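Protein chains in written order, with the numbering used here: chain A, 657 to 935; chain B, 15 to 376; chain C, 121 to 233; chain D, 5 to 181.
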């Protein structure tokens, strides 16, 4: 029973944890830029403020798709933490992103369309690597279930180091950080798909970003097996790496991103897969 | 053939400081043609200068044409008015004008560079450049009394003197700024992702620059050596204080950044030479004459050649004042240089033109 | 300032004979209202001798159609469009409305009668 | 739970230049930099009208930018405040009375805080925004209650006469608590 309580607690608290991570990240980024930065609870202040704003919607389907994006992402996260099938988790995650893309296409704003286009392209950049990662996990642990990974007694990092590097390379795409934040690209398309959301409906998209943090860092944690200390160390390392990369690079365009992630990250993951098969 | 999208950029957009509207026709995010609307900021200053303000007041009004290069505008106007009333500014006033113009150039170029960095998605470099830029704002405040809108140059001379302790402070701050500038050059030159974004983007050839009469760092980056400071005219003795032409060859965003950064070294040298050899004389040449005849003046503002034409009729009011701002000459080339680039680079390209539309439309 | 007089008919011929893209730099086109006539000016300067400004000028009446020089000097369309609006003169191939809004009386720089 | 308290802690800024000289705009940019760092108050330069709370406007309203100004203002969801930065945005400044200027943004949209100066210093702008936050907190949700038609629509030739209906709507005054 004890092994059941922690995932459920994590699932319920996921938005709070994600918000805290986001707040911490804003402080870390500000300190890296020699600024003071906002308070730690700033994302929650934003959340509560947005709840009190007037609700303006473009059309009801658009708002509904935004909320469903949040809900389905939470489902994907729940399944990941409860030890579900990794392939299913990845495809649920894909579903939630597709809902956001649909929302982006459903308005008439050109920036929203461009954002949806670019989100679709970034899916193309990171999704193959995630699938190969899932297959590698299967080859090592003998099961697609994440429960098997959580209970695996050796750190997976040592068995599939190249896959971890590949994951590190695609994380900026997923978390929308420079140099691969083409889907959000504030200076080019002012937020892309989220441009037409406002008030409480923007909150859904904003909170979904927090869930994405928890989702990504859980993926990182998978590499530690059942070693909690190593997992925490990996998460901390990834956190600092992502922010340092964000602060030391400009945004590349989507073609360069696609080329880089398919040529480097994908081939690293594939090489790792072959090594796992051979050994 | 893909589907063609029309992407509007402006009049309100986060990557733009001022209202400016571009309409890009794109195919798979590649820009095919561009349409520009640059006259959002037209206020009618030329008319007001000839009907509402006396000719001595106009130097304060033309400073408000543009907040970034207000000293260039008021200096250029002061010079053209001095030509009309047949006086010459004292030598010390000329040196002080050059000092403030160069300080202003440092702040303007650093602002442009930080804006390029932000529009390229490099937030940390934006913050760094803005931090280093603050010193020039503080120095301008110490010399002129205001962070922007200096009202320093008046008809006949300058309004304030340079105190010895302020001069010492400038030299000291320049000493701390120099290693910071080296650091910026290093980042702009060697950062890999920034060069992916900047190299080859928004390029213009030397021939096209000549054909379209481009001025300023935009032209110098393409290899066209045009700089009004290179003239040996007696209006402002640039060559005495160590001016040197900076040019590059490729004409893309990267070259424009490099030209701006290298010009900063020249500006620092000029400021040091001015402070070292500041002549003693009066600050203002007094006269009671009224403007008569017509005159033209050219001056190198941070963005390029500034041109003033004035005509007087022996009264307090001018007959005609024509202002040609640097960006005005560049509009035609700006529209052309987008073609063939990614839409993703467009904000960085716009920032690298360093457009000043309040100058252009007045 | 080196002033050369020209006329509306011979303008394109004169500028075409004078202007060399690799030698001359077109700065701006200007107009001054002299009451019943308008003085049009075209300013050029030389890359090699930058302090020498050459001006072509001509006097026209307000309803004359001015030839378009943008086939000789490609960047001249900006200056022409601005002047057509602000001075309310007719320039060949130039539409009004580039600077001013349609609801505004044209020619704000003209002398008030 | 009173949500109005949190408006004060997370104001998102939208900046629009309605025809100024760029002086105040670069000072707003300087506010974002490390020396003044307005992000420590939770402010973000959001650039998207639909997600902003504070509209920072600079410059006298020129004839071509006035429609964009009103449009940007209308796209922002309530509660919202408007801060006019600089002498030109407040009264028209040196440009007052020029033929293409309207002289002050309060001719078109309601202004809550006027920040003086030519150009406004970053300290002044931050001070003005902090003042605007107090006003933002006091704005009530009554602003967003849509006005219902009290009377039966007038039918004329089988069609609703919208102009007459609009004339008969009783406008409710926005009130502060």
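The C-beta atom is built at its ideal place from N, Cα and C for all residues, glycine as well. These figures come from a predicted structure and were not determined experimentally.
Residue i versus residue j - alpha carbon distance
i	j	result
residue 790/A	residue 926/A	12 Å
residue 22/B	residue 845/A	10 Å
residue 738/A	residue 660/A	8 Å
residue 663/A	residue 874/A	11 Å
residue 153/D	residue 110/D	For residue 153/D, the predicted structure reports a pLDDT of 49, less than 50, and the residue's modelled location is therefore unreliable. A value from the coordinates is still provided. Each residue's alpha carbon lies about 29 Å from the other.
residue 266/B	residue 284/B	27 Å
residue 342/B	residue 146/C	12 Å
residue 321/B	residue 229/B	11 Å
residue 152/C	residue 123/C	15 Å
residue 667/A	residue 719/A	24 Å
residue 154/B	residue 196/B	22 Å
residue 139/D	residue 115/B	41 Å
residue 711/A	residue 136/B	33 Å
residue 26/B	residue 23/D	12 Å
residue 669/A	residue 868/A	13 Å
residue 32/B	residue 803/A	55 Å
residue 161/B	residue 189/B	21 Å
Exposure of residue i, with buried meaning 16 or more beta-carbon neighbours within 10 Å
i	result
residue 672/A	exposed
residue 259/B	exposed
residue 81/D	buried
residue 9/D	exposed
residue 730/A	buried
residue 897/A	exposed
residue 935/A	exposed
residue 121/C	exposed
residue 206/B	exposed
residue 359/B	buried
residue 727/A	exposed
residue 6/D	exposed
Contacting residues, own chain, Cβ-Cβ under 8 Å from residue i (five flanking each side not counted)
i	result
residue 64/B	331, 332, 333, 334 and 335
residue 122/B	82, 83, 316, 317 and 368
residue 775/A	753, 756, 757, 760, 839, 848 and 849
residue 723/A	857 and 860
residue 933/A	795
Sequence-distant residues of its chain with Cβ nearer than 6 Å to residue i (five each side left out)
i	result
residue 700/A	675
residue 349/B	48 and 50
residue 175/D	In this prediction, residue 175/D has a pLDDT of 49, which is less than 50 and means its spatial position is unreliable; what the coordinates show is noted afterwards. No residues qualify anywhere along the chain.
residue 29/B	133 and 361
residue 20/D	61 and 76
residue 311/B	90, 93, 94 and 322
Residue range of the unbroken beta strand (DSSP E) whose run includes residue i
i	result
residue 33/B	Careful: residue 33/B lies outside any beta strand (DSSP E) and carries neither H nor E.
residue 424/B	This structure cannot speak to residue 424/B, because chain B is shown only from 15 to 376.
residue 60/D	58-62
residue 19/D	16-21
residue 337/B	332-338
residue 124/C	122-125
residue 307/B	306-315
residue 165/B	Careful: residue 165/B lies outside any beta strand (DSSP E) and carries neither H nor E.
residue 325/B	318-327
Element boundaries [alpha helix (DSSP H), containing residue i]
i	result
residue 372/B	371-375
residue 887/A	884-902
residue 156/C	Neither: residue 156/C is in no alpha helix (DSSP H) and is coded neither H nor E.
residue 197/B	178-204
Same chain only: Cβ atoms within 7 Å of residue i, ignoring 5 sequence neighbours per side
i	result
residue 227/B	343
residue 858/A	706 and 850
residue 130/D	35, 40 and 42
residue 299/B	101, 102, 103, 104, 170 and 171
residue 92/B	73, 167, 168 and 169
residue 159/C	151, 152, 177 and 179
At what residue ranges does the stretch 241-303 of chain B contain a whole run of the alpha helix (DSSP H), taking only runs of 4 or more?
267-290
Every unbroken alpha helix (DSSP H) inside the stretch 71-113 of chain B [4 residues or more]:
72-77 and 84-98
Ignoring anything shorter than 3 residues, give me the beta strand (DSSP E) runs that lie fully in the stretch 756-801 of chain A, in order along the chain.
none
3 or more residues per run - each beta strand (DSSP E) lying fully within the stretch 69-93 of chain D:
85-89
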